[in-house]
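Quick notes on the structure that follows.
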Amino acid sequence: MEDQDHTQSSGISHSVEMFVPMSLLQHSRDGSLTVLFQRNAERNSLSIPLDKCLDGIGHHLKDPEEIMFPTIDRTQVQFLRLVIAWPGYDALEFPIDIGTNEAPITRAQLARQIAYHFFGFFKLCDSGHFTQRSDFQWKVGGQGGYSFYQMYLSAFWNIEGTSWGTSIRVLRHVY
Numbered sequence: 442m443e444d445q446d447h448t449q450s451s452g453i454s455h456s457v458e459m460f461v462p463m464s465l466l467q468h469s470r471d472g473s474l475t476v477l478f479q480r481n482a483e484r485n486s487l488s489i490p491l492d493k494c495l496d497g498i499g500h501h502l503k504d505p506e507e508i509m510f511p512t513i514d515r516t517q518v519q520f521l522r523l524v525i526a527w528p529g530y531d532a533l534e535f536p537i538d539i540g541t542n543e544a545p546i547t548r549a550q551l552a553r554q555i556a557y558h559f560f561g562f563f564k565l566c567d568s569g570h571f572t573q574r575s576d577f578q579w580k581v582g583g584q585g586g587y588s589f590y591q592m593y594l595s596a597f598w599n600i601e602g603t604s605w606g607t608s609i610r611v612l613r614h615v616y
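If you read the sequence shown in the working numbering, its first letter stands for residue 442, the second for the next number, and so on.
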């Protein structure tokens with residue numbers, strides 16, 4: 442976990458990155474089908490802020506131009522399914538366009554699509570179109586809920602078949 446000190450008038454608080462416990466089955470996660478996302482400038486970075494991924498260029502991302510999924514035949518598979526299973530909410534699936542054999546997706550483009558879908562998920566929650574049923578400490582949007590700007594992308598990993606999940610860290614303030 443990374444700590445950052447912040448001083449407030451009432452005392453000292455710390456911001457701590459914590460993994461969001463997504464409600465996904467983790468079949469055979471051996472690491473061979475996992476894409477990691479790290480900040481470019483930080484040597485031991487374990488994640489990158491989701492909002493920094495939205496530009497699609499990857500200025501803040503380590504190895505932004507690296508081709509993702511080089512062994513997938515894109516004439517057979519054109520899309521992967523991103524499963525967002527945020528604690529307390531019903532799972533949602535979003536398409537990830539992995540490009541063509543001639544123009545495959547890069548790490549920066551993949552990060553952008555993931556960030557875009559999480560931004561949409563947060564907007565749905567914030568506007569009340571998608572409501573939480575349990576695990577209220579993981580509330581998204583609105584008063585007392587997490588914002589998109591507190592989210593950090595760590596990994597994109599294969600659940601099974603074309604379904605993929607993410608490892609997301611949240612910046613939580615501790616007083």
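Ideal placement from N, C-alpha and C gives every residue a C-beta, glycine not left out.
None of the values given here were measured: they were computed from a predicted structure.
Leaving aside the five residues before and after residue i along the sequence, list all residues of the same chain whose C-beta is less than 8 Å from its C-beta, in chain order.
i      : result
Pro511 : Pro545
Gly602 : none
Considering just the uninterrupted stretch of the beta strand (DSSP E) at residue i, what are its terminal residues?
i      : result
Trp598 : Met592 to Glu601
Leu477 : Thr475 to Leu477
For residue i versus residue j, is the C-beta spacing smaller than 8 Å?
i      : j      : result
Leu491 : Tyr587 : no
Phe571 : Tyr530 : yes
Gln584 : Val611 : no
Arg522 : Asn542 : no
Ile539 : Ile513 : yes
Leu487 : Trp598 : no
Met463 : Ala526 : yes
Pro528 : Trp579 : yes
Excluding the 5 residues preceding and the 5 following residue i in the sequence, name in chain order all residues of the same chain whose CB lies nearer than 6 Å to its CB.
i      : result
Ala556 : Leu491, Cys494 and Leu495
Asn485 : none
Can you tell me whether residue i sits near the ligand GDP, meaning its C-beta is under 7 Å from at least one heavy atom of the ligand?
i      : result
Gly529 : Inclusion of the ligand GDP in the displayed structure is not the case, the ligand content being empty and no account of it being possible.
Item checked: Length at least 4, wholly inside the segment 485-572: the alpha helix (DSSP H) runs in chain order -> The qualifying runs are 491-494 and 548-567.
Next item on the list: Count the CB pairs spanning the segment 499-509 and the segment 546-560 that are closer than 8 Å, and state whether there are at least three.
Entry: By the Cβ test, the segment 499-509 is in contact with the segment 546-560, since at least three Cβ pairs between them sit closer than 8 Å.
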